[in-house]
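Here our numbering is used: the first residue of the sequence shown is 100, the next is one more, and so on. Structure, as structure tokens:
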Amino acid sequence: MASEEKKGKKARSASAPAQEIIEWGMSQDIGTCFDRADKMKPCPIGHSGACCKVCHMGPCRFVGKDADTMKGICGATLATISARNIVRMAAGGTACHGDHGRDMVFTLLAVANGETKDFQIKDVRKLYKIAGILDIEFEGRPVLDVAKDVGNKLLEDYGRQRGEMNFIRRAPKKTQERWKKWGIVPRGIDREVAETLDRTTMGMDADPDSILLHGLRNAVANGWGGSMISTEVTDILFGTPMPVKAEASLGIFTEDEVNIVVHGHEPSLAETMVDVVAEPELIEYAKSKGAKGINLGGMCCTANEVLMRHGIPTAGGFTNQEPAIMTGLIDAFTVDIQCIMPAIVDVAKKFHTKVITTAEKVKIPGAMHIQFDEHHAKDIARQIVKIAIDNYPNRTKKGSHVTEKFPVVAGFSHEYIEYMQGGRWRGSFRPLNDAIMAGRIRGVVGLAGCDSPRFPSTGVHKFLATELIKRDVLIVSTGCSSAACGGAGYLTPEMALEQAGPGLREVCEAIGIPPILHLGACVDNTRILTIASAMAEEGGLSDEIGGMPAVGIAPEWITEKAVSIGMYFAVSGVPVIFGGESPVEASKEVTRIMTEVWFERFKGALHFEPDPEKILALALDYIDKARAALKLRKYEPGKFAAEKVLMDMAARREIEKAAKPHLGIY
Ligand code: MSK
100 MASEEKKGKK ARSASAPAQE IIEWGMSQDI GTCFDRADKM KPCPIGHSGA
150 CCKVCHMGPC RFVGKDADTM KGICGATLAT ISARNIVRMA AGGTACHGDH
200 GRDMVFTLLA VANGETKDFQ IKDVRKLYKI AGILDIEFEG RPVLDVAKDV
250 GNKLLEDYGR QRGEMNFIRR APKKTQERWK KWGIVPRGID REVAETLDRT
300 TMGMDADPDS ILLHGLRNAV ANGWGGSMIS TEVTDILFGT PMPVKAEASL
350 GIFTEDEVNI VVHGHEPSLA ETMVDVVAEP ELIEYAKSKG AKGINLGGMC
400 CTANEVLMRH GIPTAGGFTN QEPAIMTGLI DAFTVDIQCI MPAIVDVAKK
450 FHTKVITTAE KVKIPGAMHI QFDEHHAKDI ARQIVKIAID NYPNRTKKGS
500 HVTEKFPVVA GFSHEYIEYM QGGRWRGSFR PLNDAIMAGR IRGVVGLAGC
550 DSPRFPSTGV HKFLATELIK RDVLIVSTGC SSAACGGAGY LTPEMALEQA
600 GPGLREVCEA IGIPPILHLG ACVDNTRILT IASAMAEEGG LSDEIGGMPA
650 VGIAPEWITE KAVSIGMYFA VSGVPVIFGG ESPVEASKEV TRIMTEVWFE
700 RFKGALHFEP DPEKILALAL DYIDKARAAL KLRKYEPGKF AAEKVLMDMA
750 ARREIEKAAK PHLGIY
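Structure (structure tokens):
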């Protein structure tokens with residue numbers, strides 16, 4: 100990278116196809132987030148958490164050598180305002196994921212009430228599983244009645260004023276006890292978000308520890324609330340993911356087909372698009388305009404949703420949205436919610452691409468708006484596809500980049516990971532726990548979060564992914580981190596043969612999995628929580644999530660959602676490391692609380708570390724210390740203790756002979 104910079108060619112993306120298109124765009128003066136990141140230097144005061152703007156006497160800025168002892172006009176300290184700032188970020192994230200989950204519940208209820216024929220309940224087993232967790236009777240009852248009860252019960256988690264949220268009971272007992280001890284069991288999602296804003300306004304809570312504790316309660320309302328609701332209801336409606344083969348990177352777009360992108364997070368429209376692009380009338384219509392067919396591609400987390408359920412290819416994560424349009428090959432760029440750059444409209448104006456917003460709460464000046472409504476989903480999806488087809492003849496040669504793409508295997512749900520360790524009848528987490536105990540697998544890292552134009556984007560994900568698996572660390576990946584790994588060719592079982600350490604390789608070969616498991620979208624970080632809970636229940640490691648040889652890393656995080664996710668992992672017992680500079684860097688006190696104090700109380704922490712090598716070292720240190728505390732065999736590459744033989748594919752197939760595939764994977 101350094102030599103490229105000397106030649107005047109700064110690496111903007113660690114993905115070769117993206118870098119190629121970005122460089123071309125720069126030569127054509129097409130502004131992107133990479134140019135804007137160069138021009139827009141972050142305000143150093145706000146960036147480090149030292150600016151208070153919750154009232155109009157300020158903003159008060161805590162700068163200089165006396166910053167630690169300064170007071171704002173109201174008397175607030177640096178630690179107070181720094182704590183307020185970060186928990187306000189987390190509240191934004193919880194609100195985003197909470198609303199996403201709420202919309203999924205509304206779709207479930209629309210199906211249950213017979214208000215839409217465009218969606219069905221695809222995974223009845225998952226519905227029953229969730230009904231069981233919620234103490235809803237399901238035996239012998241009509242499926243739609245059960246769905247109605249599940250939807251209504253989950254909806255209570257939003258408006259509940261007192262008591263506990265439903266999915267709290269899914270956490271290991273000890274984890275729950277820690278939350279109870281510190282008074283942070285959330286009551287309702289909306290209540291915790293509202294209280295975060297309330298507590299952190301001028302003249303309210305001034306104790307940084309107390310503010311941060313409520314920030315954790317708000318985060319639990321996301322991880323064990325809004326996001327978990329979203330994951331489970333999406334599985335009920337669209338199916339629980341099982342591994343599928345697909346492709347990734349900007350090279351997924353074709354010159355001779357109508358290319359449509361689905362971008363954002365909420366999969367309802369994208370799922371419908373998957374159905375309608377296969378309709379013969381629309382394919383014929385595309386042919387009448389000179390195209391050979393219709394090619395649907397995903398972007399960001401909407402991509403992850405349809406990738407893992409249908410094998411729809413992904414064009415990448417957050418920073419690939421402008422380069423995707425710059426291929427010149429996109430006929431319609433459809434967006435739903437979250438992580439959508441308004442700038443795509445400006446880029447699209449330089450090509451023939453039509454940007455279509457579809458969510459009532461996401462409108463962008465200059466974009467076409469077609470409101471999605473789950474009651475008429477297919478008609479709306481057909482309307483969008485027709486707009487894309489009509490736009491195909493307007494394509495010019497401008498851009499016209501057909502670049503490289505990579506094979507991926509994606510879609511490892513909690514249920515599938517359990518299934519692959521013993522089949523439908525003997526599925527468990529025993530083999531994984533045994534492999535960790537024996538030292539074949541050193542530990543587990545959740546590699547998650549965004550890609551950022553402040554780095555050569557996706558580069559830190561790629562670095563950590565390869566360095567961790569070389570050291571026998573199994574990776575579970577979500578969000579744009581999955582896209583970063585997929586767009587680098589890392590999400591294949593072959594990767595294990597080439598890169599993984601000897602122990603991890605043996606496990607991957609025995610089970611037939613990649614060393615990096617694609618678990619889904621941002622909301623699907625909750626799959627990691629339920630997997631960790633199942634591992635705790637299985638025995639042999641920690642009896643709670645805290646204390647497991649496991650770490651969460653978000654190497655290039657950018658969003659408020661990421662802050663909320665980082666906090667819910669920390670309070671669930673997972674040490675978390677975020678890349679880049681700290682948004683609480685200005686306050687040593689807040690930094691200490693979020694690392695040392697949280698670790699004492701919850702066995703989790705939230706660190707910020709700009710140096711990728713140090714992120715790696717810190718993650719391995721946490722893993723090795725957890726192994727030592729659990730009195731597990733000391734990790735040594737290539738040396739393992741004897742353990743039970745892992746169930747290989749052949750053995751599993753024998754067991755599966757009797758199983759009926761339509762009954763699902765549990
Ligand atoms: S899309 S939140 S940039 S992971 Fe889920 Fe990617 Fe981060 Fe958005």
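Glycine included, each C-beta is placed from N, C-alpha and C at the ideal position.
Straight-line gap, residue i to residue j (C-alpha atoms, nearest Å)
{"i": "Q118", "j": "A110", "result": "7 Å"}
{"i": "A390", "j": "N251", "result": "45 Å"}
{"i": "A246", "j": "C607", "result": "37 Å"}
{"i": "V284", "j": "R268", "result": "11 Å"}
{"i": "P506", "j": "E597", "result": "15 Å"}
{"i": "H362", "j": "D244", "result": "33 Å"}
{"i": "S527", "j": "E637", "result": "8 Å"}
{"i": "D533", "j": "E659", "result": "36 Å"}
{"i": "V744", "j": "G545", "result": "With a pLDDT of 46 at V744, under the threshold of 50, the modelled position of that residue is not reliable, and no figure is offered here."}
{"i": "C154", "j": "G287", "result": "27 Å"}
{"i": "F701", "j": "K687", "result": "20 Å"}
{"i": "D202", "j": "P736", "result": "47 Å"}
{"i": "S580", "j": "G586", "result": "10 Å"}
{"i": "I754", "j": "R224", "result": "Caution is warranted here: a pLDDT of 44 is assigned to I754, below 50, making its placement in the model unreliable, and no coordinate value can be reported."}
{"i": "Q127", "j": "A166", "result": "45 Å"}
{"i": "L253", "j": "P492", "result": "46 Å"}
{"i": "Q275", "j": "I463", "result": "42 Å"}
{"i": "M169", "j": "L717", "result": "32 Å"}
{"i": "E238", "j": "T206", "result": "23 Å"}
{"i": "P441", "j": "G130", "result": "13 Å"}
{"i": "S529", "j": "M634", "result": "With the sequence shown as reference, residue 529 is identified as Arg, and Ser is not the correct amino acid for it. Spanning the two alpha carbons is a distance of roughly 8 Å."}
{"i": "S112", "j": "E122", "result": "10 Å"}
{"i": "G145", "j": "I172", "result": "17 Å"}
{"i": "Q219", "j": "C549", "result": "31 Å"}
Nearest candidate by alpha-carbon position, reference residue i, set the options
{"i": "R408", "options": "G392, V508 and H313", "result": "V508"}
{"i": "A447", "options": "T433, E459 and A458", "result": "T433"}
{"i": "R494", "options": "N358, A175 and K279", "result": "N358"}
{"i": "L233", "options": "I535, V332 and I483", "result": "V332"}
{"i": "D472", "options": "P379, Y384, E699 and P366", "result": "P366"}
{"i": "A767", "options": "P307, T353, G124 and D217", "result": "In the structure as shown, the chain starts at 100 and stops at 765, and residue 767 therefore has no counterpart that could be examined."}
{"i": "T176", "options": "T193, M303 and P422", "result": "M303"}
{"i": "G192", "options": "T295, V210, H513 and G498", "result": "T295"}
{"i": "L573", "options": "L226, E122, A431 and A599", "result": "A599"}
{"i": "V360", "options": "K497, E263, C400 and G619", "result": "C400"}
{"i": "I627", "options": "I644, L368 and I657", "result": "I644"}
{"i": "S147", "options": "S181, N419 and E370", "result": "S181"}
{"i": "M647", "options": "F698, G174, F205 and R240", "result": "F698"}
{"i": "M156", "options": "V461, H451, P141 and G174", "result": "G174"}
Paired residues, beta bridge with residue i - DSSP
{"i": "N212", "result": "For N212, which the question treats as bridged, DSSP gives no partner whatsoever."}
{"i": "P506", "result": "E346"}
{"i": "L399", "result": "Looking at the sequence provided, one finds Cys at residue 399 rather than Leu. In the DSSP output, where bridge partners are listed per residue, C399 has G363."}
{"i": "K738", "result": "E735"}
{"i": "H706", "result": "I676"}
{"i": "H617", "result": "S576"}
{"i": "A649", "result": "V543"}
{"i": "V461", "result": "A458"}
{"i": "S112", "result": "S556"}
{"i": "N394", "result": "N358"}
Residue i vs residue j beta-carbon contact at 8 Å
{"i": "T426", "j": "I120", "result": "yes"}
{"i": "M188", "j": "V696", "result": "no"}
{"i": "V559", "j": "P711", "result": "yes"}
{"i": "D297", "j": "G258", "result": "no"}
{"i": "S114", "j": "S499", "result": "no"}
{"i": "E802", "j": "T339", "result": "With the chain represented from 100 up to 765, any question about residue 802 goes unanswered, as that position is not in the structure."}
{"i": "A385", "j": "G392", "result": "yes"}
{"i": "T557", "j": "P116", "result": "no"}
{"i": "A431", "j": "N490", "result": "yes"}
{"i": "A583", "j": "G396", "result": "no"}
{"i": "A458", "j": "I436", "result": "yes"}
{"i": "V673", "j": "A653", "result": "no"}
For a minimum of 4 consecutive residues, which ranges assigned as the alpha helix (DSSP H) are wholly contained in the region 138–204?
143–146
In chain order, each beta strand (DSSP E) run of at least 3 residues that lies wholly inside the region 409–458
431–434 and 453–456
Starting from the N-terminal side, write out each stretch of the alpha helix (DSSP H) that is 4 residues or longer and does not extend beyond the region 465–500.
476–490
Give the list of continuous beta strand (DSSP E) stretches no shorter than 3 residues that lie fully inside the region 533–562.
542–546
May I have a chain-ordered list of the alpha helix (DSSP H) segments no shorter than 4 residues that lie completely inside the region 212–245?
223–232
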